[in-house]
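Trainee: I have a structure here, written as structure tokens, and I will follow up with some questions on it.
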Amino acid sequence: MANALITGILGQDGPYLAKLLLEKNYKVYGMIRRYSTPQFDNLDYLGITNKIEYIEGDLTDDASLLNIIKNVRPQEVYNLAAQSFVGSSWEQAKLTTEINAVGVLNLLSAIKLFSPTSKFYQASTSEMFGLGNDNGYQDENTPFHPRSPYGISKVYAHWMTVNFRESYGMFACSGILFNHESPIRGIQFVTRKISDGVAKIKVGLAKDLLLGDLEPKRDWGFAGDYVEAMYKMLQQEKPEDFVVATGETHTVKEFVELAFKTAGIDNWQSYVKSDPRFKRPAEVPHLQGKSDKAQKALGWKPKTPFPDLVKMMVEADIKRYQDKNK
Ligand code: NDP
Ligand code: GDP
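The C-terminal residue of the sequence shown carries number 331 in my numbering, and the numbering is unbroken.
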């Protein structure tokens, strides 16, 4: 039986990836931090909480990683753990760097020492491109120009992954994923904040929705589709880096309009209020990925159109509130 270690198992992507690997008969180890009360809600949502073996560890604690890698010797390691919220990365720049940059060095070093044949996946991000774009889109050849401590930390981790591959011949890949969302997306991210806010307005629990800049454009896909690309990258003969994206881009405003429409609420303008607290010190105005390499080499394709994604998220949040009231 193949085995895999997933860091960040309690987040959004961890549960979708774990579900995919369980369906392929993997034994899945999930690394979690030490909590008073761990939150298994996202794994519960996908019905797989009891199918995973949990191990305590933290990306910033290198001894914990050395122990895990030594004891498990996973065939595949998916490093999804991160301080993943761009907005908080200015206020907690050092912590973001310790987890997202140095943490990845810690993990790669542990693998090199105790399990050098493990295949390694690093969760890189379109935030690394930031202002960089070629004719309006970004692909594997686009230069990085990150705009936040988050983006910068991920550039370090990206190059460290490439460097372990080039220096030590390790099977280390980096998936440069554009924004991907789902009903279990973290509540601070704009898509989920919108779907949750619309649901609250729909059931009468809120009167307005406070947002920052509505003009930035993002290439939003469905997390369930994107974890398939992660898996496929580690099944290749050679380790390589891939951009994973839908190729479509939409403004935050378009997401808002469609979310309200999906909930059957007219006139979104009367509910959405601008709040400067949610504006960024430096913005990434336009992300639009070109995933031709992944489509050709991995046979991967995004399956979920933008309107279906918005609908899935809004309906799930409305259902959550309706179920609570039963
Ligand atoms: P989430 O924020 O939902 O999940 C991240 C997980 O990392 C959380 O479960 C968190 O644990 C864990 N974590 C944080 N710090 C540490 C630490 N020091 N040690 C161990 N675990 C830690 O992120 P997503 O699932 O959305 O994203 C997965 C990865 O993909 C992240 O690396 C993210 O940066 C990257 N990415 C995501 C994109 C997206 O659109 N979703 C786009 C591109 C890249 P806890 O529950 O304890 O907080
Ligand atoms: P990001 O692309 O990783 O930063 O993902 P987010 O979902 O956090 O933000 C996407 C875009 O939405 C960014 O350009 C934000 O500036 C913009 N945005 C506008 N209002 C908000 C808000 O209230 N919360 C968040 N998180 N983002 C917002």
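Beta carbons: idealized from backbone N, C-alpha and C, even for Gly. Nothing here was measured: the structure is a model prediction, and the numbers come from that model.
#1: Below 6 Å CB to CB, which residues in the same chain sit around Lys-222 once its five sequence neighbours on both sides are set aside?
#2: Under the DSSP definition of a beta bridge, which residues are partnered with Ile-60?
#3: Given that a residue counts as buried once 16 or more other Cβ atoms are within 10 Å of its Cβ, and exposed if not, what is Ile-192?
#4: Using DSSP with H/G/I as helix, E/B as strand and the rest coil, what is Ile-199?
#5: In the DSSP assignment, the alpha helix (DSSP H) including Tyr-326 goes from what residue to what residue?
#6: Three or more C-beta pairs closer than 8 Å, one from the segment 207–215 and one from the segment 107–126: is that the case here?
#7: Can Thr-267 be considered in contact with the ligand GDP, in the sense that its beta carbon sits closer than 7 Å to one or more heavy atoms?
#8: For Asn-105, count neighbouring C-beta atoms within 10 Å of its own C-beta (all shown protein chains included) and say buried if the count is 16 or more, exposed if not.
#9: Under a Cβ-count criterion, where at least 16 other Cβ atoms within 10 Å of its own Cβ denotes burial, should Met-6 be classed as buried or exposed?
#10: Near Lys-117, which residues of its chain fall below 8 Å by C-beta distance, leaving aside the five closest residues on each side in sequence?
#11: Just to confirm, is the Cβ distance from Thr-196 to Leu-85 under 8 Å?
#12: Please determine if the segment 177–190 and the segment 264–281 are in contact, where contact requires at least 3 C-beta pairs separated by less than 8 Å.
#13: From the DSSP output, which residues share a beta bridge with Gln-17?
#14: Can you check the segment 165–218 for any beta strand (DSSP E) of at least 3 residues that lies completely inside it and give the ranges in chain order?
#15: At a cut-off of 7 Å, is Asn-72 close to the ligand NDP when judged by its beta-carbon and the heavy atoms of the ligand?
Mentor: Concretely, from the data shown:
#1: Thr-254, Thr-256, His-291
#2: Met-36
#3: exposed
#4: helix
#5: 311–329
#6: no
#7: no
#8: buried
#9: exposed
#10: Phe-169, Tyr-173, Met-175
#11: no
#12: no
#13: According to DSSP, Gln-17 bridges with nothing at all.
#14: 177–182, 214–216
#15: no
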